[in-house]
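Trainee: Please see the structure below; I have some questions.
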Amino acid sequence: MLKTQSSFADNLNESGTLYLVPTPIGNLQDMTFRAADILKSVDLIAAEDTRNTQKLLNHFEIQTKQISFHEHNSKERIPQLIAKLNEGQSIAQVSDAGMPSISDPGQDLVRAAIDADIAVAPLPGANAGLTALIASGLVPQPFYFYGFLDRKKKEQKTEIAALVSHRETLIFYEAPHRLKDTLKSLLAGFGDRKVALCRELTKRHEEFIRGSLSEVLEWATTSEIRGEFVIILAGNSQPEELAVPSFDLSLSAEEHVQNLIDSGEKTNDAIKQVAKLRKLKRQDVYNQFHHID
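Residue 1 is where the sequence shown starts when you use UniProt numbering, and the numbers rise one by one after that.
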């Protein structure tokens with residue numbers, strides 16, 4: 001059913017407006033004047049983490065009340081927020097950092113508001129993925145935003161396999177404690193592509209680590225990993241050549257097997273794949289991996 005929304009026309013049903021308000025991803029000076037004004041003027045702020053958002057509100061001397069809204073209480077909270085909007089209250093939804101609805105339950109709230117004929121007004125603002133992309137040195141368009149890969153090895157491997165043929169530059173998010181394992185999975189699944197790791201964007205310790213996947217994995221193995229990361233990965237320039245998956249030629253067969261195991265493969269399956277890719281006898285790879293003379 002076709003629906004048309006005029007965000008700032010007089011609302012005939014007298015419901016409130018749901019504002020989607022981006023917040024800084026690090027540097028508080030990236031807060032827009034309009035975003036601050038909206039947070040001051042609404043009746044309620046639906047925040048992913050009220051303690052984190054309170055620091056932002058204190059900085060800009062905003063006294064608007066908050067209500068928690070995150071992935072663990074979204075099913076309970078959405079009907080409550082829609083009821084308040086229908087009563088004529090205006091609500092601003094914010095995430096911990098960056099754009100609402102990206103890696104938070106905002107999408108479900110937006111859908112519920114649209115279904116209830118409530119106006120949804122998005123504000124422009126900071127976004128970690130695009131900020132990293134334009135400084136990565138990789139082709140900025142087209143791009144494919146993926147966000148966080150699944151934490152489970154098996155599901156992560158399936159996700160990566162579905163992305164291998166994409167020509168677009170790929171954008172991932174990752175937490176510091178999972179970065180090294182994720183880089184291993186990316187190297188095993190994509191081959192040794194160009195990549196940029198973007199850390200602590202807009203903050204004092206902002207840093208870019210650019211190179212091949214094998215190079216940045218070595219960096220991650222030998223460095224102290226801190227801060228949230230955006231991973232910008234080169235797309236596949238030759239998807240028609242995917243019949244034979246690529247691998248790092250500098251790796252020994254034993255290291256290649258270990259990489260596949262680290263990415264979630266069972267040992268025997270990894271040995272079989274390495275033997276096939278390198279056109280070696282399976283028994284020879286088995287013996288080399290298990291150090292059998």
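A virtual CB, placed ideally from N, CA and C, is assigned to each residue, including glycine.
#1: Tell whether a beta-carbon distance below 8 Å holds between S165 and K194.
#2: May I have the straight-line CA-CA distance separating K266 from L18, to the nearest angstrom?
#3: Grab the span of the beta strand (DSSP E) containing Q89 for me, first residue to last.
#4: My parser needs the beta strand (DSSP E) runs of 3 or more residues fully inside the stretch 117-196; what are they?
#5: Taking Cβ positions, are E87 and F69 nearer each other than 8 Å?
#6: Go ahead and pull the three-state DSSP assignment for Q63.
#7: Kindly indicate the opening and closing residues of the beta strand (DSSP E) around E254.
#8: Mind checking P24: buried by the 16 CB within 10 Å criterion, or exposed?
#9: If you reduce the DSSP assignment to three classes, tell me which class L201 lands in.
#10: Can you give the Cα-Cα distance for E254 and Q238, rounded to whole angstroms?
#11: Just checking, does the stretch 109-124 make contact with the stretch 65-80 on the three C-beta pairs under 8 Å criterion?
#12: Can you have a look at S6 and say buried or exposed, based on whether 16 or more other CB atoms are within 10 angstroms of its CB?
#13: From the DSSP output, in three-state form, read off L2 for me.
#14: Between which two residues does the beta strand (DSSP E) harbouring T17 extend?
#15: I'd like the ranges of any beta strand (DSSP E) spanning at least 3 consecutive residues and lying wholly in the stretch 24-79.
#16: When you compare the CB positions of I62 and K84, do they come within less than 8 Å of one another, or not?
#17: For the stretch 25-44 and the stretch 118-129, state whether three or more C-beta atom pairs, one from each stretch, are separated by less than 8 Å.
#18: Which residue wins for smallest C-alpha separation from V230, given the options V94, L183, D262 and Q288?
#19: Looking only at its own chain, which residues have a Cβ that is under 8 Å from the Cβ of residue 333, when we skip the five neighbours before and after it?
#20: Mapping DSSP to helix, strand and coil, what is S212?
Mentor: Working from what's here:
#1: Here residue 165 refers to the residue found at position 165 of the sequence shown. Here residue 194 refers to the residue found at position 194 of the sequence shown. Against a cut-off of 8 Å, the Cβ pair of K194 and S165 comes out as no contact.
#2: Numbered from 1 along the sequence shown, position 266 holds the residue referred to as residue 266. Numbered from 1 along the sequence shown, position 18 holds the residue referred to as residue 18. Taking the straight line joining both Cα atoms gives about 48 Å.
#3: For this step, residue 89 is matched to residue 89 along the sequence shown. Here Q89 belongs to no beta strand (DSSP E), and DSSP marks it neither H nor E.
#4: 119-122, 143-148 and 169-174
#5: Taking the first residue of the sequence shown as 1, we reach residue 87 at position 87. Taking the first residue of the sequence shown as 1, we reach residue 69 at position 69. No.
#6: On the sequence shown, position 63 is the one that residue 63 refers to. Residue state, collapsed to three classes: coil.
#7: Counting from one through the sequence shown, the residue named residue 254 turns up at place 254. Counting along the chain, E254 falls outside any beta strand (DSSP E), though it belongs to the alpha helix (DSSP H) covering A253 to D262.
#8: Numbered from its first residue, the sequence shown carries residue 24 at position 24. That one is buried.
#9: Within the sequence shown, the letter at position 201 stands for residue 201. Of the three classes helix, strand and coil, the one that applies to L201 here is coil, per DSSP.
#10: The sequence position of residue 254 within the sequence shown is 254, counting from 1. The sequence position of residue 238 within the sequence shown is 238, counting from 1. Cα to Cα, the separation comes out at about 27 Å.
#11: Output reads yes: the stretch 65-80 touches the stretch 109-124.
#12: By one-based count along the sequence shown, residue 6 stands at place 6. Flag for S6 reads exposed.
#13: To locate residue 2, count along the sequence shown from 1; it is residue 2. Here L2 sits in coil by DSSP.
#14: Within the sequence shown, residue 17 is the residue found at index 17, counting from 1. Segment T17 to L20, the beta strand (DSSP E) holding T17.
#15: 44-47 and 66-68
#16: Reading the sequence shown from its first residue, position 62 is the one you call residue 62. Reading the sequence shown from its first residue, position 84 is the one you call residue 84. In this structure, K84 does not lie closer than 8 Å to I62 by Cβ.
#17: yes
#18: In the sequence shown, counting from the first residue as 1, residue 230 sits at position 230. Taking only the C-alpha atoms, the option nearest V230 is L183.
#19: Summary: the structure shown does not reach residue 333, with the chain confined to residues 1 through 293, and so no result is reported for it.
#20: Position 212 of the sequence shown holds residue 212. Note: S212 maps to strand in three-state DSSP.
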